[in-house]
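Numbering (our numbering), first residue to last: 8 to 377.
Here a beta-carbon is modelled for each residue, glycine too, at the ideal position from N, C-alpha and C.
Quantities reported herein were computed from a predicted structural model and do not represent experimental measurements.
First up is the structure itself, then whatever we jot down about it.
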């Protein structure tokens, strides 16, 4: 039977994807590169892992705001056709101003001025629907009602760029503006008649949407912040545990060095006492914590070794002196097979010379005790 393969003849052996599938599989990488390029011009730089929580929280807000801004730019760009086709001539100017403000806010966001950038974005997207509603020719009409839905955008901007509680401030302002416009501003057409009969039915969905979005956004951001706090706390605990483990290992190493050093000192001193050999030294390296102690002990052993050598030399000197005195009393020459290593070596040489060359006098006469 023929071996039926799903791979093309040109594809490498073992390649799980044909060339078209590989290209599709690599497409997210290109999108990720585009997103990273967007972050490089609109988002604060990512802090180090050891950065404090406040700095990482600032980065999180700036990065989230940078992500939200992508959709805001898209929204503004697709608003141009509606601005040209709509009845409000100010809408084109409003959208253009929004684009400039949003671009400037991204520059500030990149410079880590996240709060200022957030305030600009929030004001921008509050002012846009507000001015659009207030400048509607003939007063508020039915076509203006969908614009109130755009007041949700400032909530998302506030919760992305600013501290979470700001979402309630923006939401309360949106609710007050909605009630004021629908209650006290001039209205026209069918909306005027509906508001006169069913004002609560018109305003309640708008207020509910503001309240629900504000609460959900606040809970979402607070949950993310608490998760970051827990992660930061866990990292701090892990870091402290690592420091504690390292400290314990260092203490264990010091204890081991102390034990080994004390054992070597005891062994060395026992050998010195047993053999009466002061030339032995404590063999501790400079890495050992007891190295200074061993150095002092070795200096003491060196002094004791010198003292022992001096005592041995003095003992030999006494023996040589007694031998010389005996030979001199007997009038015998002193046989010097080798140096005695004492101060009497020159005396022995001089005595032997005089003993062999008496110069007309008896060799015993100078040493006669009689």
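Check: Buried or exposed: which applies to residue 227, given that a residue is buried once 16 or more other Cβ atoms fall within 10 Å of its Cβ?
Finding: exposed
Checklist line | Closest residue to residue 201 among 147, 103, 304 and 129 (Cα-Cα distance) | finding: 147
Margin query: Taking a contact to mean a Cβ-Cβ separation below 7 Å, would you say residue 224 touches residue 166 in this structure?
Written below: yes
Checklist line | As assigned by DSSP and simplified to three states, the class of residue 292 | finding: The DSSP-derived three-state label of residue 292 is coil.
Next item on the list: Mark residue 280 as exposed unless 16 or more other C-beta atoms lie within 10 angstroms of its C-beta, in which case mark it buried.
Entry: Under this definition residue 280 is an exposed residue.
Note to self: Within the continuous alpha helix (DSSP H) that includes residue 154, where are the two ends?
What the structure shows: 152–156
Check: residue 33 to residue 217, Cα distance in whole Å?
Finding: Its pLDDT being 48, under 50, residue 33 is placed unreliably by the model, and nothing is read from it.
Notebook entry, point to check: Taking 6 Å as the cut-off, is the CB of residue 156 close to at least one heavy atom of the ligand HEM?
Noted result: Looking for the ligand HEM in the displayed structure turns up nothing, as the structure carries no ligands at all.
Check: Quick one: Cα of residue 153 to Cα of residue 136, how far?
Finding: Distance between the alpha carbons of residue 153 and residue 136: 10 Å.
Note to self: In whole angstroms, give me the CA-to-CA distance for residue 237 and residue 231.
What the structure shows: Taken atom to atom, the span from the alpha-carbon of residue 237 to that of residue 231 is near 10 Å.
Next item on the list: Using three-state DSSP, classify residue 216 as helix, strand or coil.
Entry: It is helical.
Next item on the list: Select from 361, 289, 329 and 98 the residue whose C-alpha is nearest the C-alpha of residue 275.
Entry: 289
Margin query: Only counting the same chain, and skipping five residues up and downstream in sequence, which positions put a Cβ closer than 7 Å to that of residue 56?
Written below: none
Next item on the list: Could you tell me which of 213, 127, 330 and 141 sits nearest to residue 158, measuring between CA atoms?
Entry: Per the Cα distances, 213.
Notebook entry, point to check: Between 291, 277 and 360, which lies nearest to residue 5 when the distance is taken from Cα to Cα?
Noted result: Nothing about residue 5 can be reported from this structure: the residues present for the chain run from 8 to 377 only.
Next item on the list: Closer than 6 Å by C-beta to residue 161: which residues in its own chain qualify, once you throw out the five before and the five after it? Chain order, please.
Entry: 129, 132, 133 and 177
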